[in-house]
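Read the structure below first, then the notes.
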Amino acid sequence: MGKTERAHRGDAEGAEVRGATQDEKTSVKNVENKMRRAVVVVVSGLLSSCAAVEGGAAKSGGAGRAGAVEAASRAGTHPFGIEDMLAMERIGDPRVSPDGSEVLFNLRTTDLVANKGRTDLWRIRLDGSGLARVTEHEASDVNGRWLPDGSIVFLSSRSGSMQVWRIPAGGGEAEALTTLPLDVSNLAVFPDGKRLLFSLDVYPELATLAETAARDAAAEANPVKARVYESLLFRHWDAWEDAKRSHVFVWTIGGGEPLDLMLGMDADAPTHPFGGTEELAISPDGTEVLFVAKDDGRANAWTTNLDVWRVPADGSARPTRVSLGHGQDTSPSYSPDGKTIAWLAMERAGYEADRQRIVLHETATGGARVLTEAWDRSPSEYVWSADGRTLFATADNLGNHSLFAIDVASGRVTTLVEKGTSASPAPAGERLVYAFDSLHSPVELWTVGAAGSVPKRLTRINDERVAAARMGAYEQFSFEGAQGDTVHGYLVKPIDFEPGQTYPVAFLIHGGPQGSFGDHFHYRWNPEVYAGAGYAAVMIDFHGSTGYGQAFSDAIRGDWGGAPYEDLMKGLDFALAKYPFLDAKRVGALGASYGGYMINWIAGQTERFQCLVNHDGNIDERMAYFDTEELWFPEWEHGTPWENPAGYAKHNPIDHVAKWKTPMLVIHGALDYRVVDTQGMSTFTALQRRGIPSKFVSFPDENHWVLKPLNSRFWHAQVLGWLDQWLKGAQPVAASAAR
Numbered sequence: 029m030g031k032t033e034r035a036h037r038g039d040a041e042g043a044e045v046r047g048a049t050q051d052e053k054t055s056v057k058n059v060e061n062k063m064r065r066a067v068v069v070v071v072s073g074l075l076s077s078c079a080a081v082e083g084g085a086a087k088s089g090g091a092g093r094a095g096a097v098e099a100a101s102r103a104g105t106h107p108f109g110i111e112d113m114l115a116m117e118r119i120g121d122p123r124v125s126p127d128g129s130e131v132l133f134n135l136r137t138t139d140l141v142a143n144k145g146r147t148d149l150w151r152i153r154l155d156g157s158g159l160a161r162v163t164e165h166e167a168s169d170v171n172g173r174w175l176p177d178g179s180i181v182f183l184s185s186r187s188g189s190m191q192v193w194r195i196p197a198g199g200g201e202a203e204a205l206t207t208l209p210l211d212v213s214n215l216a217v218f219p220d221g222k223r224l225l226f227s228l229d230v231y232p233e234l235a236t237l238a239e240t241a242a243r244d245a246a247a248e249a250n251p252v253k254a255r256v257y258e259s260l261l262f263r264h265w266d267a268w269e270d271a272k273r274s275h276v277f278v279w280t281i282g283g284g285e286p287l288d289l290m291l292g293m294d295a296d297a298p299t300h301p302f303g304g305t306e307e308l309a310i311s312p313d314g315t316e317v318l319f320v321a322k323d324d325g326r327a328n329a330w331t332t333n334l335d336v337w338r339v340p341a342d343g344s345a346r347p348t349r350v351s352l353g354h355g356q357d358t359s360p361s362y363s364p365d366g367k368t369i370a371w372l373a374m375e376r377a378g379y380e381a382d383r384q385r386i387v388l389h390e391t392a393t394g395g396a397r398v399l400t401e402a403w404d405r406s407p408s409e410y411v412w413s414a415d416g417r418t419l420f421a422t423a424d425n426l427g428n429h430s431l432f433a434i435d436v437a438s439g440r441v442t443t444l445v446e447k448g449t450s451a452s453p454a455p456a457g458e459r460l461v462y463a464f465d466s467l468h469s470p471v472e473l474w475t476v477g478a479a480g481s482v483p484k485r486l487t488r489i490n491d492e493r494v495a496a497a498r499m500g501a502y503e504q505f506s507f508e509g510a511q512g513d514t515v516h517g518y519l520v521k522p523i524d525f526e527p528g529q530t531y532p533v534a535f536l537i538h539g540g541p542q543g544s545f546g547d548h549f550h551y552r553w554n555p556e557v558y559a560g561a562g563y564a565a566v567m568i569d570f571h572g573s574t575g576y577g578q579a580f581s582d583a584i585r586g587d588w589g590g591a592p593y594e595d596l597m598k599g600l601d602f603a604l605a606k607y608p609f610l611d612a613k614r615v616g617a618l619g620a621s622y623g624g625y626m627i628n629w630i631a632g633q634t635e636r637f638q639c640l641v642n643h644d645g646n647i648d649e650r651m652a653y654f655d656t657e658e659l660w661f662p663e664w665e666h667g668t669p670w671e672n673p674a675g676y677a678k679h680n681p682i683d684h685v686a687k688w689k690t691p692m693l694v695i696h697g698a699l700d701y702r703v704v705d706t707q708g709m710s711t712f713t714a715l716q717r718r719g720i721p722s723k724f725v726s727f728p729d730e731n732h733w734v735l736k737p738l739n740s741r742f743w744h745a746q747v748l749g750w751l752d753q754w755l756k757g758a759q760p761v762a763a764s765a766a767r
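Counting in this note's numbering, the sequence shown runs from 29 upward without gaps.
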């Protein structure tokens with residue numbers, strides 16, 4: 029649970045369209061660091077369901093509303109399934125060339141044989157022509173950046189460790205620029221094109237990279253693998269802490285030892301485990317660097333106090349804090365003229381889902397103002413226009429993730445693209461390049477006028493794959509939920525929908541809890557997979573969800589099983605009444621993280637569901653506090669168990685196990701240090717002891733998410749088999765890994 033299980037955009041879970049995707053970050057950094065042109069096929073009407081289709085209005089062209097996929101010819105197509113989801117090529121990290129004529133981007137392809145994603149760099153001109161592959165190697169090539177002369181630098185593991193490589197402006201073979209004894213991460217380029225900024229994991233008390241490498245080698249050779257800790261955090265997300273820190277380095281191309289700008293600082297920059305290049309910035313004149321770090325000593329496990337730090341690029345002075353708030357400050361940047369520093373700021377200490385505001389800090393005077401105080405949205409990312417007069421930002425917005433333009437002088441906000449999911453905006457002359465996806469389309473690159481205009485499609489990487497798979501039409505709805513508030517949801521029809529028939533329902537519950545199941549092509553919880561299997565999918569953005577104003581997000585605090593549960597039940601009732609093809613006697617509820625907690629809570633509150641699926645969910649909130657790593661999350665939501673025992677008992681699933689009757693599939697990752705796998709084991713034990721039909725699936729090599737392609741395929745077979753067994757009558761259930 030917590031921020032890393034919130035919405036995919038702009039925070040950790042959402043790295044799918046910015047930088048490396050999250051599974052790339054995990055597999056490349058944690059695994060490899062230890063060691064076509066697209067065919068364009070246009071099916072008439074098929075892609076008209078996308079929110080920003082050419083010729084459609086940016087504000088009103090909502091994806092999926094017309095059910096265009098249902099109208100497409102079925103000849104030669106098949107129902108959308110997990111194989112289709114895995115086959116989609118994932119675009120990310122778009123970067124506009126210095127002359128504004130081209131876009132460089134990552135393209136991740138799933139390699140089922142190798143059981144991982146492989147990433148290469150591609151480029152395309154701003155007019156949509158000239159799509160070309162830049163790198164082609166079995167290792168992952170990521171984090172591509174333009175040099176001023178048009179050449180490209182990037183990170184690659186092709187040498188056996190992650191190092192910096194370069195491709196000449198005119199093309200040709202890649203050459204290694206670095207051969208450092210440590211893996212390189214988070215690459216950025218100085219304006220002069222002669223220096224690079226990147227991060228390395230080092231022991232902060234050691235002076236050289238060779239000393240860090242020697243200590244690592246000695247630890248690897250030592251047969252004693254015991255770990256000793258004297259403070260928190262001792263493990264984080266899916267890894268045990270090893271006393272190393274991610275530090276920011278400056279390196280002159282062709283030079284010697286990189287310069288550690290944080291020498292001796294006991295802090296990570298970018299922050300672990302999910303911080304990336306968005307937490308680094310270089311001044312336009314190349315004399316300064318900004319980075320984000322948490323440096324609160326033993327309080328690191330229970331504080332969210334990230335700060336923006338400023339340091340001379342030549343290392344002539346120690347880093348100093350620029351932001352002085354007690355909440356989370358991140359994503360720093362310089363205005364084009366270098367006179368202003370901006371960052372995203374959360375006001376409240378200890379709350380990782382507080383509203384992010386854009387702060388503008390004048391470098392000359394030190395004065396600061398909040399640009400977006402009057403805007404009740406939480407931007408997850410932003411970028412300056414070339415003239416410094418506008419900030420382009422994306423934010424959750426009523427079940428979408430919209431693209432906005434914010435006037436720097438007045439704070440006035442203009443919506444550029446409302447529907448669907450927009451991310452990674454990048455100015456390109458008079459237009460803006462951005463990544464766009466929807467429930468019917470994985471990410472493709474689009475452009476829109478910087479002052480607002482009809483969006484234009486730039487890439488068509490996945491057209492053939494999308495055209496080959498039939499998807500279910502979808503629409504958004506709203507109803508009166510808890511406390512009389514308006515609550516929103518989505519319905520996805522089963523493929524090949526036939527009026528007059530009834531269909532079983534997959535009721536999907538999002539995690540976070542401050543998250544959203546919106547108009548987004550998700551790679552772990554994609555409702556079209558259920559639609560392709562003959563289910564109608566229903567998703568409710570209950571109290572606590574993002575994109576509906578901060579008060580709505582805040583409302584879940586201390587009320588986990590209250591208003592959110594009421595919203596879910598009322599939302600399901602509303603959908604059943606509005607859509608008569610939904611079969612109320614064949615409904616299964618599925619959830620992960622907070623959604624998994626909610627599945628356990630539902631089990632003790634109602635018998636209306638025919639089956640349940642719980643992925644990485646808590647059964648005992650009290651014990652979960654002592655199990656988890658980031659203590660700020662439960663402390664904000666419930667306090668501490670010794671100071672507020674009633675808060676932990678208020679909506680604790682374990683106290684209602686005696687009422688459990690519904691069959692449940694329990695799934696957990698053994699590397700999940702956020703929601704520890706003993707919570708899943710305890711859930712399964714309770715189910716078995718009470719004689720309730722149940723199954724436990726454990727992934728020894730997965731964390732809070734299921735990232736490996738073959739594991740994802742197995743996960744979906746288990747989940748769909750479970751639903752089929754209980755919602756479609758006697759069906760063969762997917763084979764278990766162990767009996």
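Even glycine gets a Cβ: it sits at the ideal position worked out from N, Cα and C.
Name, in chain order, the residues that DSSP records as bridge partners for residue 428.
Per DSSP, 425.
The beta strand (DSSP E) that contains residue 514, what's its start and end?
Its beta strand (DSSP E) spans residues 514-520.
CA-CA distance, residue 288 and residue 280?
Roughly 12 Å between the two C-alpha positions.
When DSSP labels each residue in this structure, what does residue 111 get in the three-state scheme?
Residue 111: helix per DSSP, three-state reduction.
Leaving aside the five residues before and after residue 755 along the sequence, list all residues of the same chain whose C-beta is less than 7 Å from its C-beta, in chain order.
The answer, listed in chain order, is 532, 614, 616, 638 and 639.
Return the chain-ordered list of same chain residues with a C-beta closer than 7 Å to the C-beta of residue 367, the five sequence neighbours on each side being excluded.
Hits under 7 Å: 390, 391 and 392.
Where does residue 351 land, buried or exposed, given buried means 16+ other C-beta within 10 angstroms?
Residue 351 should be labelled buried.
So what's residue 268 in DSSP terms, helix, strand or just coil?
Correct three-state label for residue 268: strand.
Going by DSSP, what residues sit across from residue 470 in a beta bridge?
Looking at the DSSP assignment, residue 470 forms no beta bridge with any residue, so it has no partner.
Which of the three DSSP states is assigned to residue 754 in this structure?
Three-state result, residue 754: helix.
Within a Cβ cutoff of 8 Å, which residues of the same chain sit near residue 646, ignoring the five residues on either side of it in sequence?
Around residue 646: 29, 624, 625, 628, 652, 681, 703 and 707.
May I ask you to verify whether the stretch 294-307 touches the stretch 212-231, counting CB pairs closer than 8 Å and requiring at least 3?
Judged by Cβ distances under 8 Å, the stretch 294-307 makes contact with the stretch 212-231, as three or more pairs qualify.
In the DSSP assignment, what residue or residues form a beta bridge with residue 534?
According to DSSP, residue 534 bridges with 565 and 616.
Excluding the 5 residues preceding and the 5 following residue 123 in the sequence, name in chain order all residues of the same chain whose CB lies nearer than 8 Å to its CB.
131, 132, 133, 172, 173, 174 and 454.
Roughly how many angstroms separate the alpha carbons of residue 313 and residue 219, rounded to a whole number?
The straight-line gap from Cα to Cα measures roughly 7 Å.
Could you tell me if residue 654 is buried or exposed, where buried requires 16 or more neighbouring beta carbons within 10 angstroms of its beta carbon?
Residue 654 should be labelled exposed.
Bridge partners of residue 660, per DSSP?
DSSP lists no partner for residue 660.
On the DSSP bridge assignment, give the partners of residue 223 in chain order.
Paired residues: 280.
Counting C-beta neighbours from all protein chains within 10 Å, is the total for residue 483 16 or more, i.e. buried, or is it exposed?
Answer is buried; the Cβ neighbour count reaches 16.
Measuring CB to CB, does residue 186 end up less than 8 Å from residue 160?
No, Cβ-Cβ distance for residue 186 and residue 160 is not below 8 Å.
Taking residue 726 as the reference, give the member of 694, 108, 737 and 701 with the closest Cα.
Comparing Cα positions, the closest option is 694.
On the CB-based measure, 16 or more other CB atoms within 10 Å of its CB, does residue 723 come out buried or exposed?
Its Cβ being crowded by 16 or more others within 10 Å, residue 723 is buried.
So what does residue 148 bridge to, in DSSP terms?
DSSP output for residue 148 lists 135 as bridge partner(s).
Identify, in the order they occur along the chain, each residue of the same chain with its Cβ nearer than 7 Å to the Cβ of residue 479, setting aside the five sequence neighbours on each side.
So no residue of the chain qualifies.
Could you tell me whether the stretch 203-216 touches the stretch 178-195, where touching means 3 or more Cβ pairs closer than 8 Å?
In short, these stretches touch, since the Cβ pair count reaches three.
Tell me the DSSP secondary structure of residue 127 in three-state form.
The answer is coil: DSSP assigns residue 127 none of H, G, I, E or B.
Can at least three beta-carbon pairs, one atom from the stretch 678-692 and one from the stretch 349-365, be found at a separation below 8 Å?
Flag = no, the stretch 678-692 and the stretch 349-365 do not touch.
How far does the beta strand (DSSP E) with residue 310 in it extend, from its first residue to its last?
Start and end: 308-310.
Taking all protein chains shown into account, do 16 or more other C-beta atoms lie within 10 angstroms of the C-beta of residue 257, making it buried, or fewer, making it exposed?
So residue 257 ends up on the exposed side.
Out of curiosity, what's the CA-to-CA distance linking residue 596 and residue 472?
Straight-line Cα distance between these residues: approximately 32 Å.
Within the continuous beta strand (DSSP E) that includes residue 197, where are the two ends?
Residue 197 -> no beta strand (DSSP E), and no H or E assigned at all.
Name the residue from 644, 636 and 584 whose alpha carbon lies nearest to the alpha carbon of residue 664.
Among 644, 636 and 584, the Cα nearest to that of residue 664 is on 584.
According to DSSP, which residues form a beta bridge with residue 724?
DSSP lists 694 as partners of residue 724.
Please state whether DSSP places residue 413 in a helix, a strand or coil.
It is coil, neither helix nor strand.
Starting from residue 384, trace the beta strand (DSSP E) both ways and give me its first and last residue.
Its beta strand (DSSP E) spans residues 384-390.
Output the residue ranges of the alpha helix (DSSP H) runs that lie fully inside the stretch 536-600 and measure 4 residues or longer, sorted by chain position.
Whole alpha helix (DSSP H) segments, 4+ residues: 555-560 and 578-582.
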